[in-house]
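Below: the structure, in structure tokens.
Chains as they are written, first to last, in our numbering: chain E, 1 to 439; chain X, 1 to 439.
Here you go:
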């Protein structure tokens, strides 16, 4: 029975997911991020205290257990990281650079790209006391490298700053900027007219103030011109100034390395409450409706013990959402759904050992292979390989061995100790089906 | 707050876990097993129906959800695989060869090597209608290759057969062989005297029958001599004969390829109810008290739709238990806890871009590196690398660059486009601390 919101991929789909997580891990490690995993559960009180009121949390308890532990499945990897850092601070080196590729759970209504169980690939850098703004630049640059290495449409990271938004909202007279933020977060869903109404009725802004907030959310620039456009709205506030400076530093810092990677987008709000400065969201060009595939931000107050604070910044690739887009919209193809590059045929059951010896030699040279399950007629063994997408079949003959490329039909004598496999055939390939011009 | 039974590793411990799962995956793929993941939850009724009465199941429900779904976290990866095969049978090729590396949850009392959340690395082969015994041989051979590639003490796979045991128990007059099996499963915990009492009082066996069952459990041979030793106990039963034949076929089949890999051990029971023939357990020599690190068996009736049955065989590496033994008993060391091989020093904040360019060149050549977080004095930047175990520091000088090996103190001019890193320094190494002679 399929469960809505709990996706499972067939082996070919799983190859796509592995291509994404392998690529992400490779690039995270090249940038010196160390892997950790945190336990899947946290105390319920701890999760709810982090203000994650919008996401429905899954409680966990033993069906026949005494002493209920009041545990729940984590809804992201950032709150557990903050707890991990505080718990293990004495054993970690700061700034602590870690990546984490794990499942999270949210009891939201399932829809395209939105799941109840899904995998995230996060990087975070957590400082002890302070954390340089260059790490906020680094987040966007590392993820841009991941995007470039994946068979996906163009990804654009939008950056905003919570201080900028909060300062602006305070500047126009909002007493609770969080309420304004939540209303603005609904722009894509309900449109500007309804958000304007919300801002007046629920938040108590004047018509002019509501319009100013909507005008702010409309600012999206590929360079630093957002600063002049915000200034033109005529709002004065110290926190706004601080936010403008920080956002300028991030945008110009990223552009120094990679002009195309980011835009300043003052509509970005992020649902999560713990962000305190820079926030990121990422859209795939042509697939904006599915939502952000990579989000995060800076959090200065999430982790602390007494007077010791651990400010952090992180960004999270939505692996499951990305797989669902690539699969659901047929943006990639997979060359085969099994790792085997070679099927070693079996002449008869007594000859299985001889086939195993060939397979063993091929494997020792890094060539994945399997041995036919049954000593069927060769035509049937070839069809067995064909159905799996295995490109080569190895036959044991009196004079040694022969290898057949079942795509071309070519069959030639070969020695398992020296036969050279085309590099593209060694492992399954995940290939974009969209040409550069289309994307 | 640490939660008993929910282990978390520091970055160095996680390197050990990654070394295990990376090695397992590499060898599984060389043998043509395709990766899948199944969702973490199953309907409660489905899990309990599989007879898993001994393991406490964790229920899952939304804290603020309408329409409770009656879900629970899976306690192994075999029951979900059976459900996956039935659900997706139309899209799979049989025999279906898959590996699965995922977390499972059991609400048991935590103790050394026994956790409430832990990672397993499973391989299974599932047939459509029938499944050759050679796949039972293959399970042991593939896992033996994994063990040989890991920095662990010698691992010995014990093999038994449920039909052999059940036939024997029926032959001595037991009406419910499952009860005998459960009593025998307690041998290591409570000893033979108490098991004999149990077999008489709870199962209703005669003294002679109880002693025969204990004598059976005492048989452990490295060759096929177990057959004669069972025969010498004088019990006649058709199912016993079938079991003896199957176990002989597995032991001799494995020994044809690798003499040391398996022993016939007639004490092995396995707690899980779904096994119908061959069963496996694996002990690490010198660390037997921690229990099996790799277990499994053949299950002929776990998956079926109407008259269509999918017999399977699988074996599961207990990754978390293995990490806990290696860490807890200091059997391995890790060369460093971060991926970075090079720390690129920063002369001053304005020079960060120049340092980033060096790092970028090194990364394009597959050398993991990070850039110093602060433009501190060089001595402090070197200590920053030292604390992380990063072996090299790169300095930007007027004449280009210099690289310092901080272990030897040697500093030499170098070009990021051509500098050659010693292969052992490229990635963190997990090394056995136990010499071959000791183990």
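For each residue, glycine too, the CB sits at the ideal point set by N, CA and C.
| Item | Value |
| --- | --- |
| Entirely enclosed beta strand (DSSP E) segments - the stretch 324-393 of chain X, minimum 3 residues | 332-334, 342-344, 369-371 |
| Three CB pairs or more closer than 8 Å across the stretch 337-350 of chain E and the stretch 389-398 of chain E | yes |
| Reduced DSSP category for residue 439 of chain E - H, G, I as helix; E, B as strand; rest coil | Its pLDDT being 44, under 50, residue 439 of chain E is placed unreliably in this model, and the value from its coordinates should be taken loosely. Coil. |
| Contact belief for residue 73 of chain E with residue 60 of chain X at Cβ below 8 Å, rounded distance in angstroms | 7 Å |
| Contact under 7 Å by Cβ, residue 37 of chain E with residue 102 of chain E | yes |
| Option nearest residue 93 of chain X by Cα separation, candidates E:381, E:414, E:407 | E:381 |
| Residue ranges of each alpha helix (DSSP H) within the stretch 179-235 of chain E, 4 or longer | 187-201, 207-217, 226-231 |
| DSSP beta-bridge partners of residue 403 of chain X | X:394, X:412 |
| Given residue 277 of chain E as reference, the closest of E:247, E:305, E:256, E:295 once Cα atoms are compared | E:247 |
| Residue 103 of chain X, DSSP secondary structure in three states | strand |
| Alpha helix (DSSP H) runs wholly inside the stretch 237-287 of chain X, at least 4 long, in chain order | 238-257 |
| Sequence ranges, beta strand (DSSP E) only - wholly within the stretch 15-57 of chain X, length at least 3 | 41-43 |
| Buried or exposed by the 16-neighbour rule on C-beta atoms within 10 Å, applied to residue 186 of chain E | exposed |
| Contacts that residue 44 of chain X makes with chain E (C-beta to C-beta distance below 9 Å) | 63 |
| Residue 313 of chain E to residue 253 of chain E span [Cα, whole Å] | 16 Å |
| Pair within 7 Å by beta-carbon distance, residue 224 of chain E and residue 167 of chain E | no |
| 7 Å Cβ cutoff, residue 320 of chain E in contact with chain X | no |
| Simplified DSSP state of residue 121 of chain E, which is helix, strand or coil | strand |
| Cβ contact check for the stretch 134-142 of chain E and the stretch 299-319 of chain E: 3 or more pairs under 8 Å | yes |
| Buried or exposed (CB count within 10 angstroms, at least 16 for buried), residue 439 of chain E | Model confidence at residue 439 of chain E stands at a pLDDT of 44, short of 50, so the residue's coordinates are unreliable; what they give is reported in the following sentence. Result: exposed. |
| Near-chain X residues of the stretch 100-111 of chain E - C-beta to any C-beta below 7 Å | 103, 107 |
| Best match in E:195, E:165, E:322 for proximity to residue 219 of chain E [C-alpha to C-alpha] | E:165 |
| Touching by the beta-carbon criterion (3+ pairs, under 8 Å), the stretch 418-431 of chain X and the stretch 356-370 of chain X | yes |
| Alpha-carbon to alpha-carbon, residue 41 of chain E and residue 194 of chain E | 38 Å |
| The stretch 82-93 of chain E: positions lying closer than 9 Å to chain X by Cβ | 83, 84, 87, 88, 91, 92, 93 |
| Residue 32 of chain X, buried or exposed, once every other Cβ within 10 Å from all chains shown has been counted against 16 | buried |
| Nonlocal neighbours in the same chain, by C-beta distance under 6 Å from residue 34 of chain E, ignoring five residues either side | 98 |
| Sequence-distant residues of its chain with Cβ nearer than 8 Å to residue 433 of chain X (five each side left out) | 330, 331, 332, 333 |
| For residue 114 of chain X, the three-state DSSP class (helix, strand or coil) | strand |
| DSSP three-state assignment for residue 310 of chain E, whether helix, strand or coil | coil |
| Rounded separation between residue 161 of chain E and residue 347 of chain X - CA only | 29 Å |
| Residue 38 of chain X: contacting residues in chain E (beta-carbon distance under 8 Å) | 8 |
| Nearest to residue 47 of chain E (by Cα), restricted to the options E:235, E:376, E:427, E:302 | E:302 |
| Outcome for residue 265 of chain X when other beta-carbon atoms lying within 10 angstroms are tallied against a minimum of 16 | buried |
| Counterpart residues of residue 158 of chain X in DSSP-defined beta bridges | X:263, X:281 |
| Residue 299 of chain X versus residue 275 of chain X: straight-line alpha-carbon distance, rounded | 4 Å |
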